[in-house]
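Participant: Quick one: the structure is below, questions incoming.
Numbering (our numbering), first residue to last: 178 to 384.
Right, here's the structure in full:
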């Protein structure tokens with residue numbers, strides 16, 4: 178599978194992160210999962226998951242996020258690009274931010290939204306395991322909540338801007354010149370009352 182990761186010495190792969198998480202159930206390991214009461218992500222102890230899920234925290238987190246995005250009327254790729262447009266900026270922590278001429282997100286070379294989401298989630302886990310610092314995982318959870326809030330509140334123009342930023346910074350469209358969002362990634366009005374709780378920006382606190 179195309180992971181979009183090209184760092185030969187310190188690249189993040191699902192297998193590498195999962196090996197580090199091998200004894201996760203016996204630690205304070207965190208995992209990105211769905212909130213118990215509404216359509217958003219949160220951080221929870223991996224030990225709270227079924228045993229099989231504990232063995233694959235990165236893939237579990239990716240599947241959870243995809244399930245949450247699929248629970249909207251929007252194309253999941255639209256929301257993934259918006260997520261990238263939210264976290265891919267120089268002021269974000271590594272592995273996404275960094276010097277303006279060589280930010281962390283420039284390491285992404287994948288060609289699909291699936292590989293883009295993998296890059297974001299695996300990068301957050303790698304930072305968490307390497308530095309025992311949850312700030313990048315918090316950033317991802319908060320950013321997903323912000324993107325969902327903008328979608329549910331019908332903030333088309335603001336979300337379009339993030340989608341285009343995500344497409345450009347991921348290298349999926351040219352950085353310069355006019356750019357249009359593809360028809361299948363256009364804003365779709367959410368069904369009223371579908372999940373009104375998601376119209377709030379959420380923190381990444383453990384459930």
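All C-beta atoms in this analysis are idealised placements derived from N, C-alpha and C, irrespective of residue type, glycine included.
(1) Using the three-state DSSP reduction, which class does residue 214 fall into: helix, strand or coil?
(2) For the segment 225-272, which segments carrying the alpha helix (DSSP H) assignment without a break, of at least 4 residues, lie completely within its bounds, in sequence order?
(3) Measuring only the C-alpha atoms, how far is residue 237 from residue 229?
(4) From the DSSP output, in three-state form, read off residue 285 for me.
(5) Looking at the secondary structure, which residues open and close the alpha helix (DSSP H) in which residue 349 lies?
(6) Could you check which residue in 313, 330, 250 has the C-alpha nearest to that of residue 265?
(7) Residues in its own chain within less than 6 Å of residue 345 by CB, not counting five upstream and five downstream?
(8) Identify the continuous alpha helix (DSSP H) that holds residue 300 and give its terminal residues.
(9) Look up residue 278 in the DSSP assignment and say whether it is helix, strand or coil.
(10) Which residue's Cα is closest to the Cα of residue 357: 341, 364, 365, 349?
(11) Between the alpha carbons of residue 355 and residue 288, how many angstroms are there, rounded?
(12) Could you check whether residue 257 and residue 290 sit closer than 8 Å to each other, using their CB atoms as the reference points?
(13) Check whether the segment 240-252 touches the segment 313-330, taking contact to mean three or more Cβ pairs, one atom from each stretch, closer than 8 Å.
(14) Spatial neighbours of residue 320 within its chain, please: CB distance less than 7 Å, with the 5 preceding and 5 following residues excluded, ordered by chain position.
(15) Considering just the uninterrupted stretch of the alpha helix (DSSP H) at residue 326, what are its terminal residues?
(16) Is residue 367 near residue 329, with beta carbons less than 8 Å apart?
(17) Can you grab the Cα-Cα spacing for the pair residue 227 / residue 233, in whole Å?
(18) So what's residue 221 in DSSP terms, helix, strand or just coil?
(19) I think residue 271 touches residue 304, with their Cβ atoms under 8 Å apart; what is that distance to the nearest whole Å?
Facilitator: On the basis of the supplied data:
(1) coil
(2) 228-231, 234-247, 253-264
(3) 10 Å
(4) strand
(5) Note, residue 349: premise wrong, no alpha helix (DSSP H); not H, not E.
(6) 313
(7) 352
(8) 290-308
(9) coil
(10) 341
(11) 20 Å
(12) yes
(13) yes
(14) 260, 263, 264
(15) 312-329
(16) yes
(17) 11 Å
(18) strand
(19) 7 Å
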